[in-house]
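Engineer:
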Amino acid sequence: MSDDNIAVLLQQGHEQLDRGQNQEALQIFQQAEQREPENPQVLFGLGLACYRLEQYQESVDYLTKTLDIEPCYILALAYRGMAYRGLKLEEPATADFYQVLQREPHTYQDWRGRGLALSELKRYEEAIVSFDKAIEINSDYYYAWNGRGLALDELGKYENAIASYDKALEINPDDYKIWGNRGLALNNLGKYEDAIASYDKAIEINPNNYKAWGKRGLALNNLGKYEDAIASYDKAIEINPGEYGSWILRSFALDKLEKYEEVVTSLDQALKINSHEYYAWNRRAIGLDKLGKHEEAIASYDKAIKINPDDYTAWRNKGFVLHKLGKYEEAISSLDQALKINPDQYYFCILRGCALDKLGKYSEALASYNQAIQINPDDYTAWINRGSALDKLGKYSEALASYNQALEINSDEYSAWNLRGKTLNNLGKYEEAITSFDKVIEINSDDYTAWVNRGLALNELGKYEKALASYDKALEINPNEYYTWNNQGNALFNLGKYEKALASYDKALEINPDGYTVLNNRSGVLCNLGKYSEMITSCDQAIEINPDYYMAWSNRGFGLYNLGQYEEALASCNKAIEINPDYYMAWSNRGWALFKLKRYQKAFKNWKDGIKNLNLDTPEHREGRSKLYYSEAQAYYQLGLKEADLDNLLQAKKYYNKALKFLDTPKYRAQKLEIMQDLIQVCQYISTPKEVQELLNQGTDLLERWLQDSNFSDENYIHFKQKFAGFNQYKVDTLAQSSEPEQHIQALELAEERKNTCLGWLQYGKAYKAPNLAYNQIQQQLNSHTAAIYWHISPAAITTFILKHNQPPQILQLQPLKSKKKRSPFPFFNQPKKSYPEIANQLRKFEDWLEQWKKDYRHYSQASTTTPRWRQSMDSQLRSLGDILHIRDILPYLRDVDQLILIPHRDLHLLPLHYLFPPKFTITYLPSFQIGLNLQPYQSAQSLLSLENPSDNLRYSRIAANVIAVLYPQYQLLDISTLDKVKLIQRLQSNTGTFQFTGHAYHNLDNPKASALQLTLADKLTMADIFEQLDFGNYNLIFLSACETGITNSQNLIDEYVGLVSAFLAKGVSYVISTLWMVDERSTAWLTIRFYQYLKAGEHPVSALKQAQNWLKQVTNRDLVNWYLKLAQDVKATHPHASEYLKTEAALIQQDSDKMMAVTPPFEHPYHWAGFIITGNPF
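Number 1179 marks the last residue of the sequence shown (full-length UniProt numbering); no jumps.
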């Protein structure tokens, strides 16, 4: 065959190669070989076609023959090296490339061959020079332009590479490989749409170009078009099922679609083709990890590592999975291997540090983070983790510096701000901590942990209300974190909102029933609610979960202490101390158990031993020492009162002062105020007035600064004002104990101002300022026949003011008892009219009496027995109360009066004080003189609106209603079954005269505005409703029958009692009749009827009630028969059923001869009548 024909075949063969028709090209070159088997150009064509077909050994063979014939064929030598590399024979490949460089290039093809060799040796700059030389010789040599583009690509000069490819395509637009290379450069530039267009052009030229399909999939993947990318990969696989690379790339798109099962399947296919592809094993492990199949993932990483032990990414990823499995030691070992291979990977050091952190090896973790920083000082995550390790090592200042460095690198990293805030909390820099948490929230307002941590800082500052608002925000974002509910409970507890705190703790336990710290906190709330048995149950549950939880053992001991089980309490506290000798509350509680067991010396030694254990200068230990000194002080004070021992009171003063010394941060302002109140209490007895006044000034100033700084809501402002009411009360004491009459007036005016302030707070909020009621205004409510007894109770004394017309107030002077111990060196202490211990004894006796009265009443209200102690001992108990209040000493002041106004204070509002005075007195009550001044004079009314609670079978109440209906033609009985609160308010607004309520009411000590008349189980008329929606200016009288006050509550009142009666009076009604306890329905009904009968007959409400009470306690059974029959006749026409029932009542007595002969009135006992009181002006 002629040379021309061989040339044609060679041209055809290369054209087919350009189009990607490699097999066709091979066949053409084989035809040429048949004609000229020794032609080096033909042999080169065969070698090139085999190379393109990845038949690398055949390629080597053909190219070797070429070189045997023409040893200086540089391009053939370069391709043979590339074929060797395809066979993974690196040594001969490299040898060929270096041989290329040793030969002198002459033609543009030689320069291209040299360029290829340099590219394979990664000497890209030199390669470009060679390609440029080829182009210089033959500017249309597109192969050189393509090679030049590939070298520029490797150097990251993608724009220049594209320019080279464009030049090649300008010369030969049908070379699919150049289009493919151009697409890859565009892909590297992030121009994915343009890249896809290039790949599409390559595919158009050669639809079976699987590599173009694969690269096209990669560009689609980068565009987020994962489904389209998978379709492209599938096409590549369809063309070349043995191309495992497409299976691997396909797994990337599936991973983005979170189809992890298919990811693993795709990689399994790749590994079927090439089980030695370590990268596929690595990617497979990542898929398995995301499926949660961590053990299988580790096995896959192990396979990758076995194939390529120098692949640090596999070691790293394996370490990460081991970390997830909690196999921290193995994770560290794996990361160490990764670092051995690539010691410059700072992120491996961070991961390693995290694993060490989990093992509690904080110093080693710190070293790892330091290593990461040494490698890359600009990685903020390393600085953050370093700070965390320092935090755990207690090196807070260094931790803070670390977080600051992280934020200097990346000021928007909110986790660093969050951790920085926590560290500032640990340093006690709470204001700065809050600023840090605010920064977190500014960057990411949905980070609930920042809101929680912010709340903790505010809590430490004593800003409980703001802390609560932060916790509320955290719960709004994520309501399923139990510890946030727990923290919310803590804030509510600090605000004294115990019921709400309990609800928060219960919610936390609903989320995490094993939250033993929550159970323990819950026990503290139950303690404050006086629910000691439930408190112990909560502690027991905490201990069951964590037997070593010393706080629960301590709280359990305190619960047992409050139940009077002192030996058991001692055992629980001993257990707490055994677990943690530094826990000061256990020492405190243990001491009180010993104290109650009268082991006084052991109690004091216990507290001293506890203090010795708290020898660190930490906030917790300082608080603990304060608490234990406080316990000592309280114990000495109690002994001082009990034994009338001045020495013990002096010791109490000493230890109160020691306790105060350790409370030097804003967090402890509440505790400090509490101790200051108690210190003033003891100083009232043993110190000079000047010292007492100085302490009062300090305490008052501290309280006002705290309230001002905290910016509390009305509710919480009032709560803390009332919690520390002692400061105001001590001021009254100081003035009252003066020998100057003018100061007695000031004492009375100050006490009166506080009473009216307490009412005004509920009605108008914290901004309310009570008007100054001068003594001459008080005198307006007195006349020559009327006196007032005005009590004031402080934590140190009961002061009794006796007020008469046109006279200065008299303060009841108690007769001092001689002390069994030494005489006081303080003149104040020894003044007879102010002396200790009778002032203190009176208060202590009253507090003991009140505790027993409430306890007996609770048992009575819960017991099924018909003869409970409370009722049986009522008369003797009330006589004892009269002795404690020195009623006999008051009476000489009242010889010339017959009308009394009783103005109680605190718990005295709950007691029948009128019972303590002789019957000659007509008695009314007033909450304060100010309220009395505002009351309208009584005017008789014919209209009466009545409401009965249908939840009880109030048979006698209905009879009373029937009788009253006859007395009052304008009587209206409301049907509660069709009446809700809204309709009741409407009826009350449209009515005038009298409102009679028969049913139940309750007083809420924690939130008085929630006190209410119970309408139905679900509906109630609250004090807030009365203040906000009602005006009783058109009402002369409200009769609240069978109401309960706060007598059932175990808590004592620390400030003025403001009940429903005060609310009704404040809203304009002239008089309110109410009951102090739940009275028998029959006696209530008969007293109510007699009251209205006297009222209808023209008596004033005050005298009508007195006469009704006198009648009830004196009426005999024989008298009742006649009265029943008279009533039966009165109601016969209008209420025949009531008439018949009354006749039956009469008949039952008549049939019982013992009852008919009895001279003892059946309702003589004060239980039946003494509970009714009338509040308003006497006349």
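Quick reminder that beta carbons are idealized off the backbone N, C-alpha and C, glycines included.
#1: So which of 786, 801, 908 and 999 has the shortest CA-CA distance to residue 900?
#2: Only counting runs of 4 or more residues, tell me where the alpha helix (DSSP H) segments fall wholly within the UniProt repeat "TPR" (380 to 413), in order along the chain.
#3: So, are the CB atoms of residue 1143 and residue 1120 less than 8 Å apart?
#4: Just tell me which of 24, 32, 23 and 1026 has its CA closest to the CA of residue 7.
#5: Quick test of your reading: residue 128 and residue 111, contact by CB under 8 Å. State the CB separation rounded to the nearest angstrom.
#6: For residue 759 versus residue 1066, is the C-beta distance shorter than 8 Å?
#7: By the 10 Å Cβ neighbour count, where 16 or more other Cβ atoms means buried, how is residue 1178 classified, buried or exposed?
#8: Could you have a look at residue 11 and say whether DSSP puts it in helix, strand or coil?
#9: Is the separation between the beta-carbon of residue 798 and that of residue 842 shorter than 8 Å?
#10: Could you have a look at residue 1072 and say whether DSSP puts it in helix, strand or coil?
#11: Whose C-beta lies closer than 6 Å to the C-beta of residue 1165 among residues of the same chain, with five residues either side of it excluded?
#12: If you reduce the DSSP assignment to three classes, tell me which class residue 1139 lands in.
#13: Could you give the residue range of the beta strand (DSSP E) that holds residue 791?
#14: Restricting to Cα atoms, I'd like to know which of 151, 140, 103 and 107 is closest to residue 121.
#15: If you compare alpha carbons, which of 885, 559, 923 and 266 is closest to residue 527?
#16: Near residue 172, which residues of its chain fall below 7 Å by C-beta distance, leaving aside the five closest residues on each side in sequence?
#17: Could you tell me which whole alpha helix (DSSP H) segments of length 4 or greater appear in the segment 157 to 239?
#18: Do you know how far the Cα of residue 748 is from the Cα of residue 814?
#19: Spell out whether any CB of chain D is found under 8 Å from the CB atom of residue 778.
#20: Taking C-alpha atoms, which residue in 702, 609, 637 and 850 lies nearest to residue 625?
#21: If you run the structure through DSSP and keep just helix, strand and coil, what is residue 1129?
#22: Expressed to the nearest angstrom, what Euclidean distance is found between the alpha-carbon atoms of residue 541 and residue 351?
#23: Looking at the structure shown, is residue 463 part of a helix, part of a strand, or coil, going by DSSP?
#24: Which stretch, first to last residue, makes up the alpha helix (DSSP H) that contains residue 1041?
#25: Are residue 232 and residue 217 touching if we call contact CB-CB under 8 Å?
#26: In whole angstroms, what separates the C-alpha of residue 860 from that of residue 1082?
#27: Whose CA, out of 879, 257 and 840, lies closest to the CA of residue 733?
#28: Using alpha carbons as the reference points, say which of 366, 1073, 1128 and 1123 lies closest to residue 1103.
#29: CB residue 215 to CB residue 180, shorter than 8 Å?
#30: Are there three or more Cβ pairs, one per stretch, closer than 8 Å when the segment 312 to 322 is compared with the segment 334 to 341?
#31: Grab the span of the beta strand (DSSP E) containing residue 1186 for me, first residue to last.
#32: For a minimum of 4 consecutive residues, which ranges assigned as the alpha helix (DSSP H) are wholly contained in the segment 925 to 1000?
#33: For residue 1172, list the residues DSSP reports as bridge partners.
#34: In the DSSP output, which residue or residues are listed as bridge partners for residue 899?
#35: Which residues in the same chain have their Cβ closer than 6 Å to the Cβ of residue 1175, if we skip the five residues on either side of it in sequence?
#36: Alpha carbon to alpha carbon, how far is residue 529 from residue 498?
Structural biologist: By the coordinates alone:
#1: 786
#2: 380 to 392 and 396 to 409
#3: no
#4: 32
#5: Not quite, the Cβ-Cβ distance comes to about 11 Å (not below 8 Å), so this is no contact.
#6: yes
#7: buried
#8: helix
#9: yes
#10: strand
#11: none
#12: helix
#13: 786 to 793
#14: 151
#15: 559
#16: 18 and 142
#17: 158 to 171, 176 to 188, 192 to 205, 210 to 222 and 226 to 239
#18: 18 Å
#19: Annotation note: the requested chain D is absent from the structure, which comprises a single protein chain.
#20: 609
#21: helix
#22: 39 Å
#23: coil
#24: From DSSP, residue 1041 is part of no alpha helix (DSSP H) but of the beta strand (DSSP E) over 1035 to 1041.
#25: yes
#26: 18 Å
#27: 840
#28: 1073
#29: yes
#30: yes
#31: A query on residue 1186 cannot be resolved here, the shown segment of the chain reaching from 1 to 1179 and no further.
#32: 929 to 934, 955 to 967 and 981 to 990
#33: 1075
#34: 786 and 922
#35: 925, 1061 and 1072
#36: 7 Å
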